[in-house]
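Participant: Here the working numbering is used: the first residue of the sequence shown is 99, the next is one more, and so on.
Virtual Cβ for every residue (Gly too), placed ideally from N, Cα, C.
Shown below is the structure under consideration.
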Amino acid sequence: MKINIYPTAEEADYAAALRFTEIVKSVIKPKIGLATGTTPIGFYAQLVKFYQKGVLSFKDMTTYNLDEYIGLSPDHPQSFAAFMDNHLFSAIDLPAAQRNIPHGDTADSHLEAERYNSLVEGNSPLDLQLMSIGLNGHIGFNEPGETLSTSAHLVHLTEETREVNKKSFTQGEVVPSSAITLGLGAIMKAKRILFLAKGDEKAEILKQAFEGPLTTKVPGSFLQLHPHMEVFLDKDAAKYLTVNINVVT
Ligand code: PGA
């Protein structure tokens, strides 16, 4: 793993977006894993700028989001489907038929997780997975626990995750208690991972994930095993890291 550390969050976003562009241009029909949350917002804004400048096109990509809340339809403002429309899809040339997100409004979550797993893993791995980490160490919605799943699955969100994610919901609205997430299998099989994290609040969990032991209590710790992961951090998020670091000035 190569950990690139930038003076500011904006510079980390820009560098990650440049690398994303370089990688997708080297693949004929790229299968791309996308993420939601506050972390990728600036990164997606950069991708939109590259698209507007004509240096990046999405028309040959197929995208697969990591996760979606159960109980929210794609038009619900807090669904990850709506997030993707707002921050990326509505501004780029990615055909609607090539955007994939688990169906949060499914009548059978287990069946939907199975369907989504086959769709993503299909006949070939993801060419690139965009990744961040939650404050409790989750990746996608693979929450800390006694075990981790390889396949996409229904997950009951921890109270900590629901509390953190409240920031995206209006006051009084209930954060869904469950979600469908890709498992560690699709994530670890991705040919490349671009990992992004910013801000002081991520510093402690990054130290545990990148320099601590592998443990299901910190699902992100398994990313240490990925052979082609490139990490983009700002200096606040990176402040406790000492191994494999490359400080960009
Ligand atoms: P955040 O979430 O970007 O909102 O911090 C990251 C995550 O939960 O993976």
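The beta strand (DSSP E) that contains glycine 131, what's its start and end?
Facilitator: The residue labelled residue 131 in the question sits at position 33 within the sequence shown. 129 to 132 is the span of the beta strand (DSSP E), which, as asked, contains glycine 131.
Participant: Return the residue from the list Thr134, Ile130, Phe156 that minimises the CA-CA distance to aspartate 191.
Facilitator: As a working note, residue 191 is residue 93 in the sequence shown. That would be Phe156, whose Cα lies nearest to the Cα of aspartate 191.
Participant: Apart from the five residues just before and just after lysine 129, which ones in its own chain have a Cβ nearer than 6 Å to its Cβ?
Facilitator: Sequence index remark: in the sequence shown, residue 129 carries index 31 (1-based). So the qualifying residues of the chain are Thr160, Leu224, Asp225.
Participant: Per DSSP, what are the beta-bridge partners of methionine 229 in this structure?
Facilitator: By 1-based counting over the sequence shown, the position of residue 229 is 131. Paired residues: Phe293.
Participant: Tell me whether glutamate 212 sits in a helix, a strand or coil according to DSSP, three-state version.
Facilitator: Here the question's residue 212 lines up with position 114 in the sequence shown. The answer is helix: DSSP assigns glutamate 212 an H, G or I state.
Participant: Under the three-state reduction of DSSP, which class applies to glutamate 328: helix, strand or coil?
Facilitator: Looking up residue 328 in the sequence shown gives position 230. Residue state, collapsed to three classes: strand.
Participant: Which word fits alanine 195, buried or exposed, when buried means at least 16 other C-beta atoms lie within 10 angstroms of its C-beta?
Facilitator: For the purposes of this step, residue 195 is identified with residue 97 of the sequence shown, where counting begins at 1. Classification of alanine 195: exposed, given that the 10 Å Cβ count is below 16.
Participant: Beta-carbon within less than 6 Å of alanine 284's beta-carbon, same chain only, minus the 5 sequence neighbours each way: which residues are those?
Facilitator: Walking along the sequence shown from the start, residue 284 turns up at place 186. Here the set comprises Val218, Glu219.
Participant: Mapping DSSP to helix, strand and coil, what is aspartate 298?
Facilitator: Numbered from its first residue, the sequence shown carries residue 298 at position 200. Of the three classes helix, strand and coil, the one that applies to aspartate 298 here is helix, per DSSP.
Participant: Nearest by alpha-carbon distance to proline 329: which of Val125, Lys123, Thr137 is it?
Facilitator: On the sequence shown, residue 329 is found 231 positions in, with the first residue counted as 1. It should be pointed out that residue 329 corresponds to valine in this sequence rather than to proline. The shortest C-alpha separation from valine 329 is found at Thr137.
Participant: Nearest by alpha-carbon distance to serine 319: which of Leu331, Gln306, Met327 is it?
Facilitator: For the purposes of this step, residue 319 is taken as the residue at position 221 of the sequence shown. Nearest C-alpha to serine 319: Gln306.
Participant: Would leucine 246 pass as a contact of leucine 294 if the rule is Cβ separation under 8 Å?
Facilitator: For the purposes of this step, residue 246 is taken as the residue at position 148 of the sequence shown. For the purposes of this step, residue 294 is taken as the residue at position 196 of the sequence shown. No, these two residues do not count as a Cβ contact at 8 Å.
Participant: So, with DSSP's three-state summary, where would you put alanine 277?
Facilitator: Numbered from its first residue, the sequence shown carries residue 277 at position 179. Three-state result, alanine 277: strand.
Participant: For the beta strand (DSSP E) that contains lysine 315, what are its first and last residues?
Facilitator: Translated into positions along the sequence shown, residue 315 becomes position 217. It is not in any beta strand (DSSP E) - lysine 315 carries neither H nor E in the DSSP assignment.
Participant: By the 10 Å Cβ neighbour count, where 16 or more other Cβ atoms means buried, how is serine 188 classified, buried or exposed?
Facilitator: Mapped onto the sequence shown, residue 188 falls at position 90. When all chains shown are included, serine 188 counts as exposed.
Participant: Run the Cβ filter for me: residues under 5 Å from any heavy atom of the ligand PGA, listed in the order they occur in the chain.
Facilitator: Ordered along the chain, the selected set is Gly135, Thr136, Thr137, Ser230, Gly232.
Participant: Buried or exposed: valine 272, going by 16 or more other Cβ atoms within 10 Å of its Cβ?
Facilitator: In the sequence shown, counting from the first residue as 1, residue 272 sits at position 174. Counting Cβ neighbours within 10 Å, valine 272 comes out exposed, since fewer than 16 surround it.
Participant: Output yes or no for whether 8 Å exceeds the beta carbon distance between aspartate 165 and glycine 238.
Facilitator: In the sequence shown, counting from the first residue as 1, residue 165 sits at position 67. In the sequence shown, counting from the first residue as 1, residue 238 sits at position 140. Yes, the pair counts as a contact, with Cβ atoms nearer than the cut-off.
Participant: Determine the DSSP secondary structure at isoleucine 103, reduced to helix, strand or coil.
Facilitator: As a first step, residue 103 must be located in the sequence shown, where it is residue number 5. It is a strand residue.
Participant: Take the Cβ of valine 341 as the centre, count every other Cβ of all protein chains shown within 10 Å, and call the residue buried at 16 or more, exposed below.
Facilitator: The residue you call residue 341 lines up with position 243 of the sequence shown. That one is exposed.
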